[in-house]
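In what follows, a single structure is set out as structure tokens and then discussed.
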Amino acid sequence: MRAIVVKNWLKDPSDMEVKDIPVPKPKENELLVRVDSTGANFFDILLVQGKYQIKPQFPFTPGAEFSGTVVRVSRSDPRFKTGDRVFGSNPIGAYAEYIAVPSKQCFHIPSTLGFEQAAGLYITYPTSYAGLVLRANVQANEWVLVHAAAGGVGIAAVQIAKTLGAKVIAAVGSEGKFDICKAQGADHCINYRDNDWTSKVLALTDNKGVNVVYDPVGLVEKSLKCVAWNARVVVVGFAAGTIERIAANRILLKNVSVTGVHWGAYVRNEPERIPEVWKALFEMAENGKIAPVVYEPIFYGLDKAKDALKAIANRETYGKVVVKPADTPSKL
Ligand SMILES: NC(=O)c1ccc[n+]([C@@H]2O[C@H](COP(=O)([O-])OP(=O)(O)OC[C@H]3O[C@@H](n4cnc5c(N)ncnc54)[C@H](OP(=O)(O)O)[C@@H]3O)[C@@H](O)[C@H]2O)c1
1 MRAIVVKNWL
11 KDPSDMEVKD
21 IPVPKPKENE
31 LLVRVDSTGA
41 NFFDILLVQG
51 KYQIKPQFPF
61 TPGAEFSGTV
71 VRVSRSDPRF
81 KTGDRVFGSN
91 PIGAYAEYIA
101 VPSKQCFHIP
111 STLGFEQAAG
121 LYITYPTSYA
131 GLVLRANVQA
141 NEWVLVHAAA
151 GGVGIAAVQI
161 AKTLGAKVIA
171 AVGSEGKFDI
181 CKAQGADHCI
191 NYRDNDWTSK
201 VLALTDNKGV
211 NVVYDPVGLV
221 EKSLKCVAWN
231 ARVVVVGFAA
241 GTIERIAANR
251 ILLKNVSVTG
261 VHWGAYVRNE
271 PERIPEVWKA
281 LFEMAENGKI
291 APVVYEPIFY
301 GLDKAKDALK
311 AIANRETYGK
321 VVVKPADTPS
331 KL
């Protein structure tokens, strides 16, 4: 099969090479999935450069999110049969025509979603649901400010907050992304590259401020200028590249709760919440309330994965960036 193979730390993802390698042999607890779509992530860029927290042994195939069709079932998990449409995640292996993956890391694709949409479901949606519901306890009619609202977790947060009945202010880094956020239900859009964006948020909320801030960027300090009494601020990530230090008096003044969400760590610390989160998300998907947004163009062919990662690095993308490994995958 064709797969991206990394044999040493790369200077840049543009150095990634596609090779012919054997199809992986699934273990007893694993499914073999013919990959239809691979979800590209910013951390793929770091992974192939040896700058990410996970450092796989060489040679390895990067890629953490995928959707596709089951071609070999696991003998230990009767939930899946050959031909099932699934999506899932694994630390590595998704930039390939086939992936062998523990069945517990896979789910059936909701009937309302296509392969491309499902490739971006596994990480972004539960992160945003856990952040907004488990951590911030968002209520109907509250104001929610979503930063990087056109990005992977951001769009998920906009859709979920609207489903919860909240009023959403979408904050992005260029006005070109306003239409995307509005199409997902955002009530208002602002550009956080404008110096006075916090005043705009205050004006939109009758000077009261927002009840919840969902922050994948690293904008907590500034956001505290436009929060309401009893606001909850959810720290999701640091897309801007800096980890902030917050003056604690700013948290005290408005009775603010600053909280974090680390979805990947629920499996270790609170596994009982995981089915609860997915049940809610599958219901929302089946009812048409949430639907992952796929960035156009889709990148056809593994050799185009480098272009997909370049677009992410250049901040050109919205929603989920998808790579299609092959139109006609290698025979088993
Ligand atoms: N806590 C968790 O469990 C969890 C789970 C998933 C992801 N995350 C984190 O959440 C963050 C966003 O992830 P994502 O998948 O939504 O990424 P993404 O789709 O690549 O979106 C990130 C967005 O951040 C914005 N941004 C603001 N400042 C930026 C800068 N200096 N450089 C690059 N982008 C900048 C960009 O939008 P604009 O151009 O509109 O500013 C960009 O599109 C990442 O830090 C990720 O590690 C956390």
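Residues in the sequence shown are numbered consecutively from 1, following UniProt numbering. Even for Gly, the Cβ is constructed at its ideal location relative to N, Cα and C. In this text the structure is predicted, and so the values were computed from the model without any measurement.
Are the beta-carbon atoms of residue i and residue j separated by less than 9 angstroms?
| i | j | result |
| --- | --- | --- |
| residue 123 | residue 237 | no |
| residue 95 | residue 305 | yes |
| residue 210 | residue 169 | yes |
| residue 29 | residue 64 | no |
| residue 58 | residue 99 | no |
| residue 5 | residue 60 | yes |
| residue 138 | residue 118 | no |
| residue 85 | residue 108 | yes |
| residue 174 | residue 195 | no |
| residue 49 | residue 12 | yes |
| residue 227 | residue 40 | no |
Give the C-beta separation of residue i and residue j to the nearest angstrom, bearing in mind that I take them to be a contact with Cβ-Cβ under 8 angstroms.
| i | j | result |
| --- | --- | --- |
| residue 233 | residue 201 | Contact doesn't hold; Cβ gap of about 13 angstroms is too wide. |
| residue 145 | residue 70 | In fact, because the Cβ distance is near 40 angstroms, the residues do not count as touching under 8 angstroms. |
| residue 111 | residue 79 | Between residue 79 and residue 111 the Cβ distance is about 16 angstroms, and since that is not below 8 angstroms, they are no contact. |
| residue 292 | residue 319 | 7 angstroms |
| residue 323 | residue 38 | 5 angstroms |
| residue 62 | residue 47 | 5 angstroms |
| residue 105 | residue 88 | 5 angstroms |
| residue 339 | residue 125 | The shown model of the chain, from 1 to 332, leaves out residue 339, and the question about it has no answer. |
| residue 160 | residue 132 | 6 angstroms |
When DSSP labels each residue in this structure, what does residue i get in the three-state scheme?
| i | result |
| --- | --- |
| residue 278 | helix |
| residue 257 | strand |
| residue 214 | strand |
| residue 158 | helix |
| residue 119 | coil |
| residue 249 | helix |
| residue 39 | strand |
| residue 341 | Any property of residue 341 remains undetermined from this structure, which presents the chain solely from 1 to 332. |
| residue 228 | strand |
| residue 152 | helix |
| residue 97 | coil |
| residue 20 | strand |
| residue 312 | helix |
| residue 30 | strand |
| residue 9 | coil |
With a threshold of 7 angstroms on Cβ separation, who are the neighbours of residue i within its own chain once the five nearest residues in sequence on each side are excluded?
| i | result |
| --- | --- |
| residue 360 | Residue 360 is absent from the structure shown; the chain starts at 1 and stops at 332. |
| residue 72 | 26, 31 and 32 |
| residue 181 | 149, 150, 158, 170, 172 and 189 |
| residue 229 | 254 and 255 |
Closer than 8 angstroms by C-beta to residue i: which residues in its own chain qualify, once you throw out the five before and the five after it? Chain order, please.
| i | result |
| --- | --- |
| residue 127 | 153, 156, 236, 261 and 263 |
| residue 246 | 220, 221, 224 and 258 |
| residue 130 | 261, 263, 266, 273 and 277 |
To which residues of the same chain is residue i closer than 6 angstroms at the C-beta, ignoring the five residues directly before and after it?
| i | result |
| --- | --- |
| residue 56 | 92 |
| residue 68 | 33, 34, 35 and 36 |
| residue 24 | 100 |
| residue 303 | 18 |
| residue 284 | 163 and 290 |
| residue 197 | 190 |
| residue 240 | 217 and 218 |
| residue 205 | 143 |
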